[in-house]
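K.L.:
Please see the structure below; I have some questions.
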Amino acid sequence: MKRKIFTLLLLISTGVAFGQNYEFNKDLMDRFELVEKTISQRSALDAKAWEENTDFEYWSSAYNFVIGDIPYGWLILSGKQKNQKLSGGQSGNFAIHLESAMATNAMLGWKDELVGGGAKIGNVKGMSFEEGSAYDKRLTSVSFYIKGELKGNDTSLVIVRLSDKDKKTVGQGLAFYGKNDITNEWQQKTLKIDYQGDAKVVKIDFIVSNTGVGVFVDKNYGTLTEGSYIDFDNLELEFATSAVDNQAGAEISLYPNPTSDFLTLQNAKNSQLSIFNCIGQLITNQAITSERQTIDVSKLPRGIYLARIKNGENTIVRKIEIL
834 MKRKIFTLLL LISTGVAFGQ NYEFNKDLMD RFELVEKTIS QRSALDAKAW
884 EENTDFEYWS SAYNFVIGDI PYGWLILSGK QKNQKLSGGQ SGNFAIHLES
934 AMATNAMLGW KDELVGGGAK IGNVKGMSFE EGSAYDKRLT SVSFYIKGEL
984 KGNDTSLVIV RLSDKDKKTV GQGLAFYGKN DITNEWQQKT LKIDYQGDAK
1034 VVKIDFIVSN TGVGVFVDKN YGTLTEGSYI DFDNLELEFA TSAVDNQAGA
1084 EISLYPNPTS DFLTLQNAKN SQLSIFNCIG QLITNQAITS ERQTIDVSKL
1134 PRGIYLARIK NGENTIVRKI EIL
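With this note's numbering, the residue at position 27 of the sequence shown is 860, and numbering never jumps.
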C-alpha cells in the first residue's frame, strides 16, 4: 500500500510564509495546476466570487466526477472527495469538510494513497479580488467557525497571506490547531493579521488545511493520520475602521531572531506564549505579564520553532530559529 502526503497551498512554486522563504512541494503544485486547468475549461464556478460565498452556501457539482463538489469561488482537494460538502453548517445549509483518507484519482495521479485535505480561494475568473480592488481599508483579522477530530499529532493550518504587486508577503496570519484545540462542537476562532511594512496589498490568499504535513519541501508540521478531519464555515473578514486599527497588526515584536539564548517579546502584555517544535509538539507555555518580557530559550536544541502569541480569540504566530 502506497502512502502519499498531500495538502493544499499557494499556486506558486516558491513563496513566503511564516516570515521566511520556503519551497513548496512540486508535485503538489503540478496537481493544483491540473485542477485549475480543468476548472478553467468550464464556467460553472464563475457565477460567484469567493468573497460572495464565505458561508459556503453555493456549490457546483460540475466536477464531482473528478474532484467532488466544490463551493463557488473556492478550490478543494481532499482524500474524501465525495464527502467534502457537509450538510448542516454552523449556520445555513452547508460547510466544508476536509478529511484525510486513502484515495485513488487517475487524473491527479493518486493510487491507493493517504491524502489530506485543503480549501483555498480559487484563482480563475470570478474567484479572486481584482488587482487593487477592495483594499481601501486594511484587513486586520479574519474569523471563522471550525470543528472536527484531529488524530495522532495532526495539525490543522489556517493561513492568510497578503502580497504586493511583486508577489512579496506584506501581511500574514497563521493559526495551527492540534487535537486539543478542536472539538466536535463548532467554535469561533479569530486570526489577527500581522503586517510587515506599508506596501499596497493587491492579492489575498486564504488557505485552510486539516494537516500540516507535505506543505513544504523537507518541512512538516504535525502528522498525517487517516480519518482525521475538520469542518469549516462562515468566514468573515474584518477591516480597519480607524488609523489606530490600521497599525494594530504591526505592534507586537519578538526579537532577536535568530537567537541562541534569550528572546524579547514586546507589546504582548496579558497574552499567552506557546512555543512548538517543527512537528507540532508544545515545548513551553508561559503567561506574558509585562509589556517587555524576556524568554529564556537557551536550553532548546537548535532548530526551527513556532511561537504562538494568543490573547483571547486573537492569535499571532511567528517562526523563530534557535542557533
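All C-beta atoms in this analysis are idealised placements derived from N, C-alpha and C, irrespective of residue type, glycine included. Quick caveat, the model's predicted, so the values are computed rather than measured.
Please specify which runs of the beta strand (DSSP E), each continuous and at least 3 residues long, are wholly inside the stretch 988-1030, giving them in chain order.
P.N.:
Segments of the beta strand (DSSP E) lying fully in the stretch 988-1030: 989-996, 1002-1010, 1020-1025.
K.L.:
Residue 1143 and residue 1124 - do their beta-carbons sit closer together than 8 Å?
P.N.:
No. Outside cutoff.
K.L.:
So the candidates are 885, 887, 908, 925; which of them puts its Cα closest to the Cα of residue 896?
P.N.:
The candidate whose alpha carbon is nearest that of residue 896 is 908.
K.L.:
At which residue ranges does the stretch 896-946 contain complete alpha helix (DSSP H) runs of 4 or more residues, listed in the order of the chain?
P.N.:
Here no run is fully enclosed.
K.L.:
Just to confirm the assignment, what range does the beta strand (DSSP E) spanning residue 1119 have?
P.N.:
Its beta strand (DSSP E) spans residues 1115-1121.
K.L.:
Grab the span of the beta strand (DSSP E) containing residue 890 for me, first residue to last.
P.N.:
No beta strand (DSSP E) holds residue 890; DSSP gives it neither H nor E.
K.L.:
Identify, in the order they occur along the chain, each residue of the same chain with its Cβ nearer than 6 Å to the Cβ of residue 922, setting aside the five sequence neighbours on each side.
P.N.:
Same-chain partners within the cutoff: 928, 1066.
K.L.:
Check the DSSP bridge columns for residue 1061 and list the partner residues they point to.
P.N.:
BP columns for residue 1061 are empty, so no partner.
K.L.:
Can you look up residue 1124 in the DSSP assignment and give me helix, strand or coil?
P.N.:
Here residue 1124 sits in coil by DSSP.
K.L.:
Between which two residues does the beta strand (DSSP E) harbouring residue 980 extend?
P.N.:
Per DSSP, residue 980 belongs to the beta strand (DSSP E) from 972-982.
K.L.:
Can you tell me the Cα-Cα spacing of residue 972 and residue 899, whole angstroms?
P.N.:
Those two C-alpha atoms are separated by around 35 Å.
K.L.:
Rounding to the nearest angstrom, what Cα-Cα distance links residue 1060 and residue 917 in this structure?
P.N.:
Going by the C-alpha atoms only, they are around 13 Å apart.
K.L.:
What is the rounded straight-line gap between the Cα of residue 985 and the Cα of residue 1043?
P.N.:
Near 12 Å, if we compare the C-alpha coordinates of residue 1043 and residue 985.
K.L.:
Could you give the first and the last residue of the continuous beta strand (DSSP E) run that contains residue 1056?
P.N.:
Unbroken run through residue 1056: none, as it is neither H nor E.
K.L.:
Within a Cβ cutoff of 7 Å, which residues of the same chain sit near residue 1018, ignoring the five residues on either side of it in sequence?
P.N.:
Excluding residues within five positions, the ones whose Cβ falls inside 7 Å are 980.
K.L.:
Suppose you measure from the CA of residue 1041 to the CA of residue 952; what does that come to, to the nearest Å?
P.N.:
Computed Cα separation, rounded: 5 Å.
K.L.:
Using the DSSP secondary-structure output, state which residues sit across from residue 1148 in a beta bridge.
P.N.:
According to DSSP, residue 1148 bridges with 1143.
K.L.:
Let's test the definition: count the other Cβ atoms within 10 Å of the Cβ of residue 1134 and tell me whether it reaches 16, buried, or not, exposed.
P.N.:
Residue 1134 should be labelled exposed.
K.L.:
Where do the N-terminal and C-terminal ends of the beta strand (DSSP E) with residue 1041 fall, by residue?
P.N.:
Note, residue 1041: beta strand (DSSP E), 1036-1042.
K.L.:
In terms of DSSP beta bridges, what is residue 1093 paired with?
P.N.:
Per DSSP, none; premise fails for residue 1093.
K.L.:
Taking only three categories from DSSP, how would you classify residue 1098?
P.N.:
Residue state, collapsed to three classes: strand.
K.L.:
Distance, Cα to Cα, residue 965 vs residue 884?
P.N.:
Low per-residue confidence applies at residue 965: pLDDT is 42, beneath 50, and the placement is therefore not dependable, though the value from the model is reported in the following sentence. So the alpha carbons of these two residues sit roughly 15 Å apart.
K.L.:
Out of 1109, 890, 998, which one is the CA nearest neighbour of residue 919?
P.N.:
Checking every option, the nearest Cα to that of residue 919 belongs to 890.
K.L.:
Please classify residue 1133: does DSSP put it in a helix, a strand, or coil?
P.N.:
Residue state, collapsed to three classes: coil.
K.L.:
Helix, strand or coil for residue 1051? Go by DSSP, reduced to three states.
P.N.:
In this structure, residue 1051 counts as coil in the three-state DSSP scheme.
K.L.:
In the DSSP assignment, find the unbroken beta strand (DSSP E) run with residue 949 in it and report its ends.
P.N.:
Taken as a continuous stretch (DSSP letters only), residue 949 belongs to no beta strand (DSSP E), as it is neither H nor E.
K.L.:
Have a look at residue 1091 and residue 871 and give me their C-alpha separation to the nearest angstrom.
P.N.:
Residue 1091 and residue 871: Cα-Cα distance of roughly 43 Å.
K.L.:
To the nearest angstrom, how far is it from the Cα of residue 992 to the Cα of residue 1027?
P.N.:
Roughly 12 Å separates the two Cα atoms.
K.L.:
Taking Cβ positions, are residue 1100 and residue 1107 nearer each other than 8 Å?
P.N.:
No. Outside cutoff.
K.L.:
Tell me the DSSP bridge mates of residue 1108?
P.N.:
Beta-bridge pairing links residue 1108 to 1117, 1140.
K.L.:
Count the other CB atoms, across all protein chains shown, that sit within 10 Å of the CB of residue 1010; report buried if there are 16 or more and exposed otherwise.
P.N.:
The residue is buried, with at least 16 neighbouring Cβ atoms inside 10 Å.
K.L.:
Helix, strand or coil: which one does DSSP assign to residue 1156?
P.N.:
Residue 1156 falls in the coil class under three-state DSSP.
K.L.:
Alpha carbon to alpha carbon, how far is residue 1111 from residue 1138? Give it in angstroms, no decimals.
P.N.:
Answer to the nearest angstrom: the Cα atoms are 6 Å apart.
K.L.:
Does the Cβ-Cβ distance between residue 988 and residue 1045 come in under 8 Å?
P.N.:
The answer is yes: Cβ separation under 8 Å.
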